[in-house]
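See below for the structure under consideration.
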Amino acid sequence: MGTIPLSRKIPDTSREFIQGPMGQHLEILTTIPRGWIRRYLTPVDNPYLDPLVNNLRHVINPGSAVKIDPFPMSWFYPEFNHCYYSYHGSLTYPPCSELVTWIIQPEPVAISPRQLSLFRVLETEDGPIISNSRPLQHLNNRPICYYD
Numbered sequence: 005m006g007t008i009p010l011s012r013k014i015p016d017t018s019r020e021f022i023q024g025p026m027g028q029h030l031e032i033l034t035t036i037p038r039g040w041i042r043r044y045l046t047p048v049d050n051p052y053l054d055p056l057v058n059n060l061r062h063v064i065n066p067g068s069a070v071k072i073d074p075f076p077m078s079w080f081y082p083e084f085n086h087c088y089y090s091y092h093g094s095l096t097y098p099p100c101s102e103l104v105t106w107i108i109q110p111e112p113v114a115i116s117p118r119q120l121s122l123f124r125v126l127e128t129e130d131g132p133i134i135s136n137s138r139p140l141q142h143l144n145n146r147p148i149c150y151y152d
């Protein structure tokens with residue numbers, strides 16, 4: 005799953021968001037890459053992924069970093085203000101803090117087998133990333149909203 009974290013300060017009066025310390029809140033805009041479902045792999049590279057894919061070789065090992073020139077987020081996600089899912093949840097990695105509003109664009113991002121293979125060489129402290137998903141969590145009576 006591709007995630008783009010966006011930090012922002014929200015007003016103290018807002019009751020529509022889960023807040024962290026000092027009114028901090030994290031929004032994560034995400035989509036499901038088409039490559040995760042075999043029949044949706046595209047035979048041609050997605051040129052909009054180039055800023056990331058072309059730099060993956062610099063960040064194979066944990067703790068490594070690379071500076072990437074800014075590029076418009078619209079390369080990944082078409083602009084949208086409707087037809088998306090949203091729910092209050094938590095980070096997918098420890099400490100799994102419940103201060104996230106997930107915004108899920110239902111239209112998948114296209115990815116080619118070659119591009120997907122470059123992501124598969126990334127490593128953690130324990131070696132190659134085989135699985136980096138968190139087990140399914142209970143909703144705890146939180147609604148999942150679809151904005152039409």
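Everything in the sequence shown is counted per this note's numbering, starting at 5 for the first residue and increasing by one.
Heads up, the beta-carbon is just placed ideally off N, CA and C, and yes, glycines get one too.
Query                                                                                                             : Result
Reduced DSSP secondary structure (H/G/I, E/B, other) of H92                                                       : strand
Delimiting residues of the beta strand (DSSP E) encompassing V104                                                 : V104 to I108
Nonlocal neighbours in the same chain, by C-beta distance under 8 Å from S116, ignoring five residues either side : G39, L45, T46, P47, V48, D49 and N50
I148 vs Y88 beta-carbon contact at 8 Å                                                                            : no
E111 versus Y150: straight-line alpha-carbon distance, rounded                                                    : 13 Å
Below-8 Å beta-carbon distance, G93 vs any chain C residue                                                        : As a matter of chain content, chain C is missing from the structure shown, which is built from one protein chain.
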